[in-house]
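Structure first, then comments.
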Ligand SMILES: Cc1cc2nc3c(=O)[nH]c(=O)nc-3n(C[C@H](O)[C@H](O)[C@H](O)COP(=O)(O)OP(=O)(O)OC[C@H]3O[C@@H](n4cnc5c(N)ncnc54)[C@H](O)[C@@H]3O)c2cc1C
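Numbering (the working numbering), first residue to last: 11 to 244.
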C-alpha cells in the first residue's frame, strides 16, 4: 500500500464526487484500486481516469469519502484487475447509475486514440447525472422521465440502436441491469462482443476471501472485474 494526497474534489450532486489524486497511475480503463481512508474500511473503487475515482455515498466509507477535503491522505493498493479490451471499431458504452465511473475512463481512452464511442447512460432521475455534457455522442434515459428517454437504459437500447453495428459493447451498472443486458445480448447472439464490469461486494481484493465469487467460481477481484459475456453463466 502507498499513500496519495487528495488534489481536488469535484462535487457532481449531493452524494457523488470525483476525487482526484496528486499522482497518476499507470493503469487501463476497467481497473480498480483498493482505497483506504484512515479509520474506515478498505473499499474497491474503479478508476474514472488515471488519477481519479468517482464515488457515490451508499454507506459509511463512501459517505466519508464524499466529504473528503483536498490535502488529506489516502492509502491505495493497485491499480489491479483485468481491464476492458480495446475496440477496433466503434464502441457502445452502456452505463447505469454510478456504473458510469469506469466508462468515463474507457470513453476518454478510446477518444484519445482517435476511436469512436457512443454512450447510453441510464439513471433514476436527472439529478444523478454525472458530467454528461462532456460526452459528444450520448443518449440519456431516466426512470422518471426528468431528462432524455423516459424508461430504463435497456428500453433505450432497444428503441435507439442496433447493437450489432458496434465492434465492442461495454456495460457497467447495478447487477440487475447487467443480468437483463446479458439476457438481451444472449437472445440476440451478441454475447461474444460484450464486456461486463462487475461491482460485487469484495473484501480482500486479492482472490483469497472468496466474498466476490460468481456462481461459476470466478472471482471478480482476481479474475475480473471485467468479464466477456461468454464467461458469465447467468
Ligand atoms: C471492482 C469494484 C469497483 C467499484 N467501483 C465503484 C466506483 O467507481 N464508484 C462507486 O461509487 N462504487 C464503486 N464500487 C462499489 C463500492 O465499492 C461500494 O459502494 C463500497 O464498498 C461501499 O462501502 P461503504 O462502507 O460506503 O458501504 P457499506 O456500509 O459497506 O454498504 C452500504 C450498502 O451498500 C451495499 N454495497 C456495498 N458494496 C456494494 C457493491 N459492491 N455492490 C452493491 N452494493 C454494495 C451494502 O450491502 C449496503 O447495503 C465498486 C465495487 C467493486 C467491487
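The C-beta atom is built at its ideal place from N, Cα and C for all residues, glycine as well.
Please read all numbers here as calculations on a predicted model, not as lab measurements.
Start-to-end residues for the beta strand (DSSP E) that takes in residue i
| i | result |
| --- | --- |
| residue 187 | Looking at the DSSP string, residue 187 is not in any beta strand (DSSP E); the run it does join, the alpha helix (DSSP H), is 185–197. |
| residue 205 | 204–207 |
| residue 21 | 12–23 |
| residue 238 | 236–238 |
| residue 180 | 178–182 |
| residue 27 | 26–31 |
Beta-carbon proximity of residue i to residue j, cut-off 8 Å
| i | j | result |
| --- | --- | --- |
| residue 181 | residue 204 | yes |
| residue 148 | residue 131 | yes |
| residue 220 | residue 107 | no |
| residue 86 | residue 187 | no |
| residue 29 | residue 65 | yes |
| residue 56 | residue 112 | yes |
| residue 19 | residue 78 | yes |
| residue 241 | residue 92 | no |
Cβ-heavy atom distance, residue i to ligand 1, below 7 Å
| i | result |
| --- | --- |
| residue 108 | yes |
| residue 9 | Limits of the chain in this structure are 11 at one end and 244 at the other, which puts residue 9 out of reach. |
| residue 66 | yes |
| residue 186 | no |
| residue 42 | yes |
| residue 205 | no |
| residue 209 | yes |
| residue 90 | no |
| residue 212 | yes |
Where the alpha helix (DSSP H) through residue i begins and ends
| i | result |
| --- | --- |
| residue 100 | Neither: residue 100 is in no alpha helix (DSSP H) and is coded neither H nor E. |
| residue 231 | 230–233 |
heavy atom of ligand 3 below 7 Å from residue i C-beta
| i | result |
| --- | --- |
| residue 237 | As presented, the structure is devoid of ligand 3, carrying ligand 1 as its sole ligands. |
Separation of residue j from residue i, as counted between CA atoms
| i | j | result |
| --- | --- | --- |
| residue 178 | residue 98 | 8 Å |
| residue 176 | residue 167 | 13 Å |
| residue 165 | residue 226 | 29 Å |
| residue 223 | residue 145 | 34 Å |
Chain B within 8 Å of residue i, Cβ atoms only
| i | result |
| --- | --- |
| residue 134 | No chain B is part of this structure, which consists of one protein chain only. |
Item checked: alpha helix (DSSP H) runs wholly inside the stretch 102–162, at least 4 long, in chain order -> 110–122
Checklist line | beta strand (DSSP E) segments (min. 3 residues) lying fully within the stretch 34–99 | finding: 42–46, 52–59, 62–66 and 83–90
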